[in-house]
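Remarks on the structure that follows.
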Amino acid sequence: MSHSHPGSAPTAGLDGWERAPFTAAGITHEVLRKGSGPGVVLLPELPGITPEVLGLAQHLVDAGFAVAVPSLFGTPGRRATAGAMLTVTPKVCVAKEFRALATDAERPVAAYVRALARDLAGRTEGPGVGVVGMCFTGGFALAAAVEKSVLAPVLSQPSVPLPLGSARRGDPGVSERELAEVRRRAREDGLCLLGLRFSRDGLSPAERFTGLRRAFGDAFEVIELDSGPGNPAGLPASAHEVLTVQVREQEDHPAQQARARVVAFLRERLG
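Residue 1 is where the sequence shown starts when you use the UniProt record's numbering, and the numbers rise one by one after that.
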């Protein structure tokens with residue numbers, strides 16, 4: 001069950017989630033599973049599977065999806081405190097699994113996510129699965145779309161490679177080989193992608209989406225939320241977490257509407 005209060009993001013706890021290790025590509029992580037219906041792999045944002053990430057996960061379960069959340073870093077259920085960020089961020093930034101600063105890179109975690117998507121597709125109903133990546137994991141959803149069972153990749157505020165310098169800001173977060181394969185799927189198989197970011201988000205630079213628009217054309221749907229001065233929703237210029245921290249349970253709130261579009265996109269592609 002998720003919890004929400006006016007003025008704060010929806011949150012949820014760990015109750016009811018099945019937890020078990022999953023190993024692939026020489027990597028093992030605990031995976032939380034819950035729900036029934038078409039499958040969705042939800043990749044956490046830094047510093048891990050926070051109460052807000054669990055709130056989104058529960059929202060997807062309530063919307064009729066079987067959700068798998070791999071604990072790629074951090075401690076499940078721990079709040080996103082400054083201490084948690086300071087503990088987790090330096091580790092993931094230097095981990096070979098993520099290659100956080102590399103351009104034109106195939107990341108070991110991408111093979112793991114693709115294997116998890118295949119596993120979930122074999123366990124669930126429907127033609128395939130969705131993969132939702134956010135923040136540090138946003139681009140991993142694009143890399144996952146190399147796997148043919150991934151039919152609904154969602155890239156929310158993708159921040160890897162970390163945007164230090166123009167080359168990294170424009171890098172799509174995958175290798176040229178991976179990008180070419182996903183482009184082939186979009187061209188030949190009708191694959192569509194959904195991307196989300198705040199307009200003033202320096203961690204998920206506009207150049208990255210510009211390049212992806214160029215690569216995919218109309219197959220890449222973009223939702224860019226206004227976080228500039230005087231924006232109607234009063235969003236801060238620092239707004240980053242489109243689907244979690246910035247969501248408010250108000251019908252006219254732009255982040256709530258973005259989350260609703262993600263659910264609709266998943267239903268369209270997986271139904």
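Backbone N, C-alpha and C fix where the C-beta goes; we use that ideal spot for every residue, glycine too.
From residue i to residue j, what does the alpha carbon distance come to, in whole angstroms?
{"i": "residue 193", "j": "residue 150", "result": "10 Å"}
{"i": "residue 146", "j": "residue 178", "result": "6 Å"}
{"i": "residue 17", "j": "residue 33", "result": "6 Å"}
{"i": "residue 170", "j": "residue 209", "result": "8 Å"}
{"i": "residue 111", "j": "residue 117", "result": "10 Å"}
{"i": "residue 91", "j": "residue 107", "result": "16 Å"}
{"i": "residue 247", "j": "residue 224", "result": "14 Å"}
{"i": "residue 41", "j": "residue 70", "result": "8 Å"}
{"i": "residue 259", "j": "residue 201", "result": "18 Å"}
{"i": "residue 190", "j": "residue 62", "result": "28 Å"}
{"i": "residue 26", "j": "residue 220", "result": "32 Å"}
{"i": "residue 98", "j": "residue 243", "result": "22 Å"}
{"i": "residue 215", "j": "residue 183", "result": "7 Å"}
{"i": "residue 7", "j": "residue 82", "result": "21 Å"}
{"i": "residue 114", "j": "residue 58", "result": "22 Å"}
{"i": "residue 176", "j": "residue 104", "result": "6 Å"}
{"i": "residue 72", "j": "residue 89", "result": "12 Å"}
{"i": "residue 135", "j": "residue 263", "result": "18 Å"}
{"i": "residue 197", "j": "residue 45", "result": "14 Å"}
{"i": "residue 159", "j": "residue 249", "result": "26 Å"}
{"i": "residue 187", "j": "residue 9", "result": "37 Å"}
{"i": "residue 257", "j": "residue 218", "result": "21 Å"}
{"i": "residue 268", "j": "residue 39", "result": "13 Å"}
Using the three-state DSSP reduction, which class does residue i fall into: helix, strand or coil?
{"i": "residue 12", "result": "strand"}
{"i": "residue 240", "result": "coil"}
{"i": "residue 22", "result": "strand"}
{"i": "residue 114", "result": "helix"}
{"i": "residue 251", "result": "coil"}
{"i": "residue 167", "result": "helix"}
{"i": "residue 44", "result": "coil"}
{"i": "residue 148", "result": "coil"}
{"i": "residue 99", "result": "coil"}
{"i": "residue 187", "result": "helix"}
{"i": "residue 33", "result": "strand"}
{"i": "residue 79", "result": "coil"}
{"i": "residue 233", "result": "coil"}
{"i": "residue 105", "result": "coil"}
{"i": "residue 54", "result": "helix"}
{"i": "residue 265", "result": "helix"}
{"i": "residue 213", "result": "helix"}
{"i": "residue 245", "result": "coil"}
{"i": "residue 90", "result": "helix"}
Apart from the five residues on each side of it in sequence, which residues of its chain come closer than 8 Å, Cβ to Cβ, to residue i?
{"i": "residue 101", "result": "93, 161, 162, 164 and 168"}
{"i": "residue 37", "result": "64, 65, 66, 124, 125 and 126"}
{"i": "residue 237", "result": "200, 227, 228 and 229"}
{"i": "residue 14", "result": "32, 54, 76 and 77"}
Keeping to the same chain, check which residues put their C-beta closer than 7 Å to that of residue i; ignore five residues upstream and five downstream.
{"i": "residue 174", "result": "139, 142 and 143"}
{"i": "residue 19", "result": "30 and 32"}
{"i": "residue 207", "result": "169 and 170"}
{"i": "residue 233", "result": "253 and 254"}
{"i": "residue 261", "result": "223"}
{"i": "residue 181", "result": "146"}
{"i": "residue 245", "result": "9 and 52"}
Kindly identify the DSSP beta-bridge partner or partners of residue i.
{"i": "residue 194", "result": "154 and 221"}
{"i": "residue 134", "result": "156"}
{"i": "residue 28", "result": "23"}
{"i": "residue 39", "result": "66 and 129"}
{"i": "residue 3", "result": "11"}
Using C-beta distances below 6 Å, list every residue in its chain close to residue i, excluding the 5 sequence neighbours before and after it, in chain order.
{"i": "residue 3", "result": "11"}
{"i": "residue 43", "result": "133, 137 and 140"}
{"i": "residue 35", "result": "61, 65, 66 and 67"}
{"i": "residue 47", "result": "74, 80, 84, 85 and 88"}
{"i": "residue 28", "result": "21"}
> With a cut-off of 8 Å, do at least 3 Cβ pairs link the segment 147-166 to the segment 118-131?
Replying inline: yes
> Does the pairing of the segment 61-73 with the segment 118-125 give three or more beta-carbon distances under 8 Å?
Replying inline: yes
> For the 8 Å Cβ check, are there 3 or more pairs between the segment 43-54 and the segment 71-90?
Replying inline: yes
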